[in-house]
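Residue numbers (my numbering): 56 to 184. Every residue gets a Cβ at the ideal spot worked out from N, C-alpha and C, and that includes glycine. Quick notes on the structure that follows.
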Amino acid sequence: YGKERPSGRIADASEKGVVAVTWLPAKQNWELAWENPNVQMNGITTISTGSNMVYSSGVEEGSRTVYMYGVRFKGIKGKPGGEVIFRKPLGPDALFLDQGNNTLINDDGSLIYSSTRGVVRIFERHQTE
């Protein structure tokens, strides 16, 4: 975000996940409720309605390692939306940093995105609800 941050507060210790948003029916828009500044997702996120997941990569504060994140999109069965389901370290930012692109979900469940030096494909499957 640089120096400017969207409206919303910083998550407290009891709130798990990346961000929490609230749907405003009158405005037909989302409002940021809180954010976790320790998880920084880059680029355009990819939403899978089939797995109820949001996928994106990012570099965590104070780290030069790129991670792939899988975040629960909507709360289900008493589990909150926005919760980080998996966090997979990929490697140094010089090789794995994304180009602001969204992540593609292949038929075999692998995740694909373009990095600064090529294409990254992640084959490991993650169990979702």
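Return the chain-ordered list of same chain residues with a C-beta closer than 6 Å to the C-beta of residue i, the five sequence neighbours on each side being excluded.
i	result
V121	S112, V114, L145, D148, F151 and L152
So, helix, strand or coil for residue i, using DSSP?
i	result
F141	strand
L87	strand
D153	strand
Can you give the Cα-Cα distance for residue i and residue j, rounded to whole angstroms?
i	j	result
V109	T100	6 Å
N161	K82	34 Å
T171	F141	23 Å
I102	S165	14 Å
W85	T77	6 Å
S69	S169	34 Å
G117	L87	24 Å
V174	I167	7 Å
L136	K143	A quick correction: the sequence has Gly, not Leu, at residue 136. Their backbone Cα atoms lie some 19 Å apart in a straight line.
D163	R176	11 Å
K134	Q154	32 Å
W89	D67	9 Å
G125	G105	13 Å
P80	M123	32 Å
V139	P92	13 Å
L159	A75	23 Å
Quick one: residues in its chain with C-beta nearer than 7 Å to the C-beta of residue i, no 5 flanking neighbours on either side, listed in chain order?
i	result
F178	S165
R119	P147 and D148
G130	G136
Report back the beta-carbon spacing between residue i and residue j to the nearest angstrom; my notes put them in contact at under 8 Å.
i	j	result
F128	N107	5 Å
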